[in-house]
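*Asks:* For the sequence shown, the UniProt record's numbering gives the first residue as 1, with consecutive numbering after it.
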Amino acid sequence: MKSLPVWIWYTVLRVLLFAVPLAVLLIAGVDPLVSTIVAAVFGLSASLLFLRRPRESMASDLYAARHRETPLVAEDDEVEDAAIERDSRDR
Numbered sequence: 001m002k003s004l005p006v007w008i009w010y011t012v013l014r015v016l017l018f019a020v021p022l023a024v025l026l027i028a029g030v031d032p033l034v035s036t037i038v039a040a041v042f043g044l045s046a047s048l049l050f051l052r053r054p055r056e057s058m059a060s061d062l063y064a065a066r067h068r069e070t071p072l073v074a075e076d077d078e079v080e081d082a083a084i085e086r087d088s089r090d091r
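Written out as C-alpha cells, the structure is:
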C-alpha cells in the first residue's frame, strides 16, 4: 500500500484539531460563535505545538518542488508547444 503524502496527513489532522473541539463545545451547549472561536484558537495552538514534524516536512517538500534544477516537462506540454510553433510558422 502506498503511503499518503504529508500534506494530506497534515490537512486531515488540522481539520480534526478544529472539528473535534467544535463538536464537543456545540454538544455542550456553548454559543456557536464562542465555540467556533475557541475551537479555532485550540486548533491553531495544538497544530503549532504537536504538528511540527509534518509541517516542516511539508515545507521542505514544497521548497524542493519550487526550487528544482530542471523543471518537470510533461509530454503533453512538449506536444502542445510544437503544435503552436508549427501553427505560427504556417501563418
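Glycine included, C-beta positions come from ideal geometry on N, C-alpha and C.
In the DSSP assignment, find the alpha helix (DSSP H) that holds residue 43 and state where it starts and stops.
*Replies:* For the purposes of this step, residue 43 is identified with residue 43 of the sequence shown, where counting begins at 1. 32-50 is the extent of the alpha helix (DSSP H) around residue 43.
*Asks:* Less than 8 Å between the CB atoms is what I'm expecting for residue 14 and residue 43, so what's the real figure, rounded?
*Replies:* As a working mapping, residue 14 is identified with position 14 in the sequence shown. As a working mapping, residue 43 is identified with position 43 in the sequence shown. Between residue 43 and residue 14 the Cβ distance is about 7 Å, and since that is below 8 Å, they are a contact.
*Asks:* Put residue 80 into one of helix, strand or coil per three-state DSSP.
*Replies:* For the purposes of this step, residue 80 is taken as residue 80 along the sequence shown, with counting starting at 1. The answer is helix: DSSP assigns residue 80 an H, G or I state.
*Asks:* Just confirm the distance between the C-beta atoms of residue 17 and residue 47, as a whole number of angstroms; I'd bet it's less than 8 Å.
*Replies:* Counting from 1 along the sequence shown, the entry for residue 17 is found at position 17. Counting from 1 along the sequence shown, the entry for residue 47 is found at position 47. Confirmed, about 6 Å.
*Asks:* In its own chain, which residues sit with a C-beta less than 8 Å from the C-beta of residue 40, not counting the 5 before and 5 after it?
*Replies:* Numbered from 1 along the sequence shown, position 40 holds the residue referred to as residue 40. Excluding positions up to five away in sequence, the list reads 18.
*Asks:* Of the residues 54, 82, 86, 25, which one's Cα is nearest the Cα of residue 8?
*Replies:* For the purposes of this step, residue 8 is taken as residue 8 along the sequence shown, with counting starting at 1. That would be 54, whose Cα lies nearest to the Cα of residue 8.
*Asks:* Can you tell me whether residue 54 is helix, strand or coil according to DSSP?
*Replies:* Here residue 54 corresponds to residue number 54 of the sequence shown, with the count starting at 1. Correct three-state label for residue 54: helix.
*Asks:* Roughly how many angstroms separate the alpha carbons of residue 84 and residue 64, rounded to a whole number?
*Replies:* One-based indexing of the sequence shown puts residue 84 at position 84. One-based indexing of the sequence shown puts residue 64 at position 64. Distance between the alpha carbons of residue 84 and residue 64: 31 Å.
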